[in-house]
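**Q** Respectively, the protein sequence lines represent chains A and X.
Residue numbers for the first sequence follow the working numbering, so the first one is 3 and each next one is one higher.
Residue numbers for the second sequence follow the working numbering, so the first one is 1008 and each next one is one higher.
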Amino acid sequence: MSSDREKNFPALWERLRPECERIVSQYERKRSALLPLMHLFQAHEGFASVEAMHAAAEMVGITPAEAEATVSFYTLFYRRPVGKYMLQVCRGLACSINGAEDVMAYFREKLGIGHLQTTPDGVFSYEEVECLAACDRASCMQVNLEFVYDLTPPKIDEMLDAMRAGAYAVAPMAQTETPSRTWAIPQDAQVAGGRKSRGADGVPRPDNAGGIGDASGVIMLDNIINRSITGFTGTRERAVVDSREVVQVAEDESSHAGH
Amino acid sequence: MPVTKVLTEGIGERDMRGIDAYRQRGGYKQWERVVRELQPADVLDLAEKSGLRGRGGAGFPTGRKWSFLPKDPNVRYLVCNCDEAEPGTFKDHMLLEETPHLVLEGMLVGAYAIASHHAFIYIRGEFKRGYEIFMAALDEARAAGYVGANIFGSGYDLEVTVHRGAGAYICGEETAMLNSLEGKRGEPRLKPPFPAVAGLYGKPTIVNNVETLAYLVPILERGAQWFAAVGTERSKGYKIVSVSGHVQRPGNYEIPLGTPVREIIEIAGGLRPGRTLAAVQPGGGSSACIFEEHLDLPYDYENMAKAGSMLGSGAFVVFDDTTDFVKCAYNLVRFFAHESCGQCTPCREGGSWMERVLERLVRGRGVPGDYEMLLRVAGSITGLNLCPLGDSIEPFLKSVMVRFPDAFKARIAGVREAQPA
């Protein structure tokens, strides 16, 4: 069943179209507008939805697969819905030798969640991120990409209380869908694309939340068999796997195959 | 103390974000002079004579980089690299937020020097505030006629496009940046061809760091000789050093190149009381550590290289005797493993494997042979990748492993005692 957000997407796209066209017109080649367009859609939807990737792909003249392959490279595009406050705490070296480990432990305890997770009430998402270029004000973080410096436990308490009360100085992110436990597509799913294997011991990671690769980079047939796959066309077809065939995914539009 | 205020003049003292404040300090006068009175070749000549070298990390002479452009009059682009993400570096972030018009004027001058009509600034995705500040500055400059068509009635047109990244350290590498700017994955390209020959959209392109371009403005104002008179033989002029870690007053300090390492630590307030120095990482996460015996070295490109490290982007991280270097090594190796784009096997696989080994060392669960294996794996990554990211994994790790071997080996001994079976 499609969500309200999906139903509302065509209207959103229509409303943003003039701004999208302005963005595209800044570049000699349209594809350059892909990231800016995704920033725009994410600002309105709260995450980088498949619909937004499709729309952006269409506007810049690439395939949906090319758009997703590109968008998935960048960590600031959230592929699934996130909390109203994205808390990104710096784990860079300069922060880590100036108290970041304690700060991160404090956040985990206070929020009851870990790295790349969202609280059940959908208010907070928490991520430990790489050096934020504010090392003179360690420990630092960003809240919805606004910097907060010189973190201390009382400062963190005050911040979280204000956010819960809806009185925090930084505006909450748009939230058009209820977030699930994590917004990250597990690395194992990327592994299936031939990139970034975690080594070759072949042990599936316990936090595998739906990827189809194992830790060695081998696609695990067990994970594919009997698994619904949502294609770019929006059709849901069952992947058919046996020992002789590899994978067949039926698609409405054959033009998407092979990309 | 040789702290100087050139680019950092007024920062932290007054608000210089608006165009009026910037004009009050002489802003855009040089841009007007360049467009009205100078030829591109004059600006290139000035950059060469000043001895200005790239402030983003590689330290390549700016004028010479520009001179690699083909001589034909075809389309070429300038890209200002504001994707500052080298661990420990926070100078471009400051310049962008505090003095956006200086950044813009530097870009305009750089674009003119290479006869470009379209300049881009690639701003790190996390710098949302900086992006907004720069956009406001660009609007002001456009309204004032400094950007756009027929600037100062000269017939010279120059458009500026602001492009936000979206979270990828590797996009600071210039060819990865160009791919990202083209709407692709930020994967570095094989060089040659270098961007000066085939860059953005396959056209000749120059990528310069924010600080590099910003220095063009005071160089125009005060002359190449003024800049070249400061510094050491081959490291001329000033540099913003981002000092962090175990010092009492971390911050950005603008110093003449060649200032002794010891003085930089003192400028930043020195160590905390009762502490002694363990190491300094003088050029960002990619650089090897230097130690007590290097404290009197001049901080410049040559001496940092001679000490087995590099000046890099000017990120200067100080470590005192409380530091756990196994944790630090794990931190940086994990960083590079996380940021590897995945194209080159040594970087992709080697980084992830080393991260795992270091993780078990941090937990005190290392196994015999880990010490030697780490060094061996690190050594077999360096030099075998398309871009410098893979090569950045080894220097810090090796420097602290060689200096503090016991810190690493103790994490192995621990596991043997803990496993009686």
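Idealized CB from N, CA, C, for every residue including glycine.
These numbers come from a predicted model, not from an experiment.
Return the CA-CA distance between SER4 of chain A and TYR1337 of chain X, expressed in angstroms with no decimal places.
**A** Going from the Cα of SER4 of chain A to the Cα of TYR1337 of chain X covers about 44 Å.
**Q** Which of the three DSSP states is assigned to PHE126 of chain A in this structure?
**A** Three-state result, PHE126 of chain A: strand.
**Q** Would you list, in chain order, the members of the stretch 1077-1103 of chain X that have their beta-carbon closer than 8 Å to a beta-carbon of chain A?
**A** Within the stretch 1077-1103 of chain X, the qualifying residues are GLU1091, ALA1092, GLU1093, PRO1094, GLY1095, THR1096, PHE1097, ASP1099 and HIS1100.
**Q** Assess contact between the stretch 1054-1071 of chain X and the stretch 1142-1156 of chain X, defined as three or more Cβ pairs (one per stretch) separated by less than 8 Å. Is contact present?
**A** Flag = no, the stretch 1054-1071 of chain X and the stretch 1142-1156 of chain X do not touch.
**Q** Measure how close the beta-carbons of LEU89 of chain A and PHE126 of chain A come, nearest whole angstrom, since I'm counting them as under 8 Å.
**A** Right, the Cβ-Cβ distance comes to about 6 Å (below 8 Å), so this counts as a contact.
**Q** Apart from the five residues just before and just after GLY1132 of chain X, which ones in its own chain have a Cβ nearer than 6 Å to its Cβ?
**A** Answer for GLY1132 of chain X: ARG1171, GLY1172, ALA1173 and GLY1174, listed in chain order.
**Q** First and last residue of the alpha helix (DSSP H) that includes ASP1327 of chain X?
**A** First-last for ASP1327 of chain X: 1322-1327, but that is the beta strand (DSSP E), not the alpha helix (DSSP H).
**Q** Need the endpoints of the beta strand (DSSP E) that GLY1277 of chain X sits in, please.
**A** Element bounds for GLY1277 of chain X: n/a, residue is neither H nor E.
**Q** Between the alpha carbons of GLY1319 of chain X and MET55 of chain A, how many angstroms are there, rounded?
**A** Distance between the alpha carbons of GLY1319 of chain X and MET55 of chain A: 37 Å.
**Q** Put ARG207 of chain A into one of helix, strand or coil per three-state DSSP.
**A** At ARG207 of chain A, the pLDDT of 41 sits below 50, so the modelled position is not reliable; the number obtained from the coordinates is stated separately. Residue state, collapsed to three classes: coil.
**Q** For CYS1445 of chain X, which of helix, strand or coil comes out of DSSP?
**A** The requested residue 1445 of chain X does not occur in the structure, where chain X is confined to residues 1008 to 1428.
**Q** For a contact meaning CB atoms closer than 8 Å, what does SER98 of chain A contact in chain X?
**A** By Cβ distance, chain X contributes LYS1334, CYS1335 and ASN1338.
**Q** Counting only runs that start and end within the stretch 109-181 of chain A, where is the alpha helix (DSSP H) found for 4 or more residues in a row?
**A** The qualifying runs are 155-166.
**Q** Is DSSP giving VAL1374 of chain X helix, strand or coil here?
**A** It is coil, neither helix nor strand.
**Q** For ARG1279 of chain X, decide whether its Cβ has a neighbour in chain A, counting only Cβ atoms nearer than 8 Å.
**A** Cβ-Cβ to chain A under 8 Å: no for ARG1279 of chain X.
**Q** Assuming PHE49 of chain A and ARG17 of chain A form a contact by the criterion Cβ under 8 Å, report the distance between their Cβ atoms to the nearest whole angstrom.
**A** The Cβ separation is near 18 Å, so there is no contact.
**Q** Please identify the residue among X:ALA1385, X:LEU1382, X:ARG1256 and X:LEU1368 whose C-alpha is closest to the C-alpha of ASN100 of chain A.
**A** If we check each option's Cα against that of ASN100 of chain A, X:ARG1256 comes out closest.
**Q** Who are the near neighbours of ALA1092 of chain X in its chain, counting only those whose CB is closer than 7 Å to its CB and skipping five residues on each side?
**A** Closer than 7 Å at Cβ, skipping near neighbours: ARG1131, TYR1176 and GLY1179.
**Q** At a Cβ threshold of 8 Å, is LEU1188 of chain X touching chain A?
**A** Closer than 8 Å: yes.
**Q** Closest to TRP1360 of chain X by C-alpha separation, out of X:GLY1371, X:PRO1375 and X:ARG1383, would be which residue?
**A** Checked all of X:GLY1371, X:PRO1375 and X:ARG1383; the closest Cα to TRP1360 of chain X is X:ARG1383.
**Q** Is GLU1346 of chain X close to chain A, meaning its C-beta is less than 8 Å from at least one C-beta of that chain?
**A** So, interface residue.
**Q** Between VAL1445 of chain X and GLN1232 of chain X, what straight-line distance do the alpha-carbon atoms span, to the nearest angstrom?
**A** The requested residue 1445 of chain X is not part of the displayed model; chain X covers only 1008 to 1428.
**Q** Mind checking if ILE1213 of chain X is an interface residue toward chain A, Cβ cutoff 8 Å exclusive?
**A** So, not an interface residue.
**Q** For ALA35 of chain A, is the classification buried or exposed, using 16 other Cβ atoms within 10 angstroms of its Cβ as the cut-off for buried?
**A** Flag for ALA35 of chain A reads buried.
**Q** Just the Cα atoms here: how many angstroms apart are ASN1186 of chain X and PRO1375 of chain X?
**A** The alpha-carbon atoms of ASN1186 of chain X and PRO1375 of chain X are separated by roughly 43 Å.
**Q** Specify the secondary structure class of ARG93 of chain A as computed by DSSP and reduced to three states.
**A** Residue state, collapsed to three classes: coil.
**Q** Quick check on GLU1401 of chain X: does DSSP put it in helix, strand or coil?
**A** GLU1401 of chain X: helix per DSSP, three-state reduction.
**Q** Looking at HIS1345 of chain X: is its Cβ nearer than 8 Å to the Cβ of GLU132 of chain A?
**A** In this structure, GLU132 of chain A lies closer than 8 Å to HIS1345 of chain X by Cβ.
**Q** Roughly how many whole angstroms lie between the Cα atoms of VAL1340 of chain X and ILE1400 of chain X?
**A** About 6 Å.
**Q** So which residues on chain X does GLY94 of chain A lean against when the C-beta distance must stay under 7 Å?
**A** Ordered by position in chain X, the residues that pass the 7 Å Cβ test against GLY94 of chain A are PRO1094.
**Q** Given a limit of 8 Å on CB to CB distance, which residues of the stretch 1245-1278 of chain X reach chain A?
**A** The stretch 1245-1278 of chain X vs chain A, Cβ under 8 Å: SER1249, VAL1250, SER1251, GLY1252, HIS1253, PRO1257, GLY1258 and ASN1259.
**Q** Whole angstroms is fine: what's the gap from LEU1143 of chain X's alpha carbon to VAL1409 of chain X's?
**A** It should be pointed out that residue 1143 of chain X corresponds to Ala in this sequence rather than to Leu. Spanning the two alpha carbons is a distance of roughly 49 Å.
**Q** Contact between the stretch 1035-1052 of chain X and the stretch 1075-1082 of chain X: three or more CB pairs below 8 Å?
**A** They do not touch, by the three-pair rule.
**Q** Along the chain, where does the beta strand (DSSP E) that runs through GLU1261 of chain X open and close?
**A** Start and end: 1258-1263.
**Q** Can the beta-carbon of VAL1333 of chain X be found closer than 8 Å to that of ARG1229 of chain X?
**A** In this structure, ARG1229 of chain X does not lie closer than 8 Å to VAL1333 of chain X by Cβ.
**Q** Whose C-alpha, out of A:ARG24, A:ALA57 and A:VAL150, is nearest the C-alpha of VAL172 of chain A?
**A** Nearest of A:ARG24, A:ALA57 and A:VAL150 to VAL172 of chain A, Cα basis: A:VAL150.
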